[in-house]
Amino acid sequence: MGSDLFDVVTTPMRLFGKFTLNFLYHVGSFGKLLYKTVLALADVRTYAGLIIEQMMIIGIRSLPVVAYISVFAGMVTALQAVKQFTQTVPLYIAGTVVEKSVLQELSSVITALVLAGRVGAAIAAEIGTMKVTEQIDALEAMAFSPISYLVVPRLLAGMVMLPMLTVFSAGIGFCAGWLTATSLSELTTTEFFKGAKMFVTWRDFALPISKAILFGMSITLVACYQGFNAQQGAEGVGTAATKAAVSACLMILTLDFVMATVILA
14 MGSDLFDVVT TPMRLFGKFT LNFLYHVGSF GKLLYKTVLA LADVRTYAGL
64 IIEQMMIIGI RSLPVVAYIS VFAGMVTALQ AVKQFTQTVP LYIAGTVVEK
114 SVLQELSSVI TALVLAGRVG AAIAAEIGTM KVTEQIDALE AMAFSPISYL
164 VVPRLLAGMV MLPMLTVFSA GIGFCAGWLT ATSLSELTTT EFFKGAKMFV
214 TWRDFALPIS KAILFGMSIT LVACYQGFNA QQGAEGVGTA ATKAAVSACL
264 MILTLDFVMA TVILA
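Here it is, written out as structure tokens:
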């Protein structure tokens, strides 16, 4: 009886302690990877020729899915705006809603979440497969730095291409919202753009671009970290890919709140 009561009392504490130690271990390991990545930026000859390829994989090949999602994000935003407004609110404010929603939030966050699932999982699976098949050891044997060869080109490509995809998404989403709002209501194009321009500030452009740079860095670094820490076997690689996607999404949502608080304050 006493032993059972002791287990009931101590089990939550042991689980909390295990979780804390595991969290601190991963924070330290991720910080170590980040430090090595910064040092590897000096090894330009190793990663310079790989950046274009990674930009194609991360950016160009993501255009169709980003365009598809941006179209419907803009359409839904405009539909909600024009249907929810009453006679007490000028209808041209729908242009403001679409502009603010698409530029400040939807274009950067939705694009990043899509890439976290598409690109993050792929990077983790690729590097994880290289690890379990000892290809990373082969790189080290040939005097190549795995960080310079695998992490840096993906990091730089992500930081460059995600802002570009965000701008592309914002343009597609805004146009889709404009066409939807003018098609489903009595709102004219002139009134829509009047509302869109009425409350534009520099934050509408600084916020999504700054968030996109951080999102691109987070997605690629988290994916590379999970790949380097993949366990042996196909199951380990699959687990690493899943963790990469989930962890990147959580980091994106956290950074989204932090950046919005800093820039909009």
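When you read off a place in the sequence shown, starting at 1, and then add 13, the result is the number in my numbering.
We treat Cβ as the ideally placed atom computed from N, Cα and C, and that holds for glycine.
Here the structure is a predicted model, which is why all the values come from computation and not from measurement.
Assign residue i to one of three DSSP states: helix, strand, or coil.
i	result
residue 155	coil
residue 251	helix
residue 327	Since the first residue shown for the chain is 14 and the last is 278, residue 327 is missing from the structure and cannot be characterised.
residue 56	coil
Taking the beta carbon of residue i as the centre, do at least 16 other beta carbons fall within 10 Å, making it buried, or is it exposed?
i	result
residue 156	exposed
residue 73	exposed
residue 14	In this prediction, residue 14 scores a pLDDT of 49, lower than 50, which makes its location untrustworthy; no coordinate-derived value is stated.
residue 211	exposed
residue 241	buried
residue 31	exposed
residue 196	exposed
residue 219	exposed
residue 179	buried
residue 159	buried
residue 41	exposed
residue 65	exposed
residue 193	buried
residue 214	exposed
residue 272	buried
residue 86	buried
residue 69	exposed
residue 148	exposed
residue 126	buried
residue 274	exposed
Please return the same chain residues whose Cβ sits closer than 6 Å to the Cβ of residue i, not counting the five positions on each side in sequence.
i	result
residue 222	176
residue 239	137, 253, 256, 257
residue 153	none
residue 133	232, 236, 257, 258, 261
residue 121	179, 221, 224, 225
So, at 7 Å on beta carbons, what are the nonlocal neighbours of residue i in its own chain, with the 5 sequence-adjacent residues on each side left out?
i	result
residue 264	231, 235
residue 105	200, 204, 205, 207, 208
residue 129	232, 258, 261, 262, 265
residue 80	185
residue 216	276, 277
residue 43	238
residue 117	217, 220, 221
residue 88	189, 190, 193
residue 92	193, 197
In chain order, what residues of the same chain have a beta carbon less than 8 Å from the beta carbon of residue i, not counting five sequence neighbours either side?
i	result
residue 5	The question about residue 5 has no answer here: the residues shown for the chain are numbered 14 through 278.
residue 60	53, 161, 162, 165, 166, 169
residue 246	145
Determine the extent of the alpha helix (DSSP H) in which residue i is found, giving its start and end residues.
i	result
residue 65	64-71
Against chain C, does residue i count as a neighbour if the rule is that its beta carbon must be under 9 Å from one of theirs?
i	result
residue 206	No chain C is part of this structure, which consists of one protein chain only.
- For the stretch 175-253, list the alpha helix (DSSP H) runs that are entirely contained and at least 4 residues long, ordered along the chain. 202-211, 216-241
- Message: Suppose only complete runs of 3+ residues qualify. What are the beta strand (DSSP E) ranges in the stretch 84-153, listed by chain order?
- Response: none
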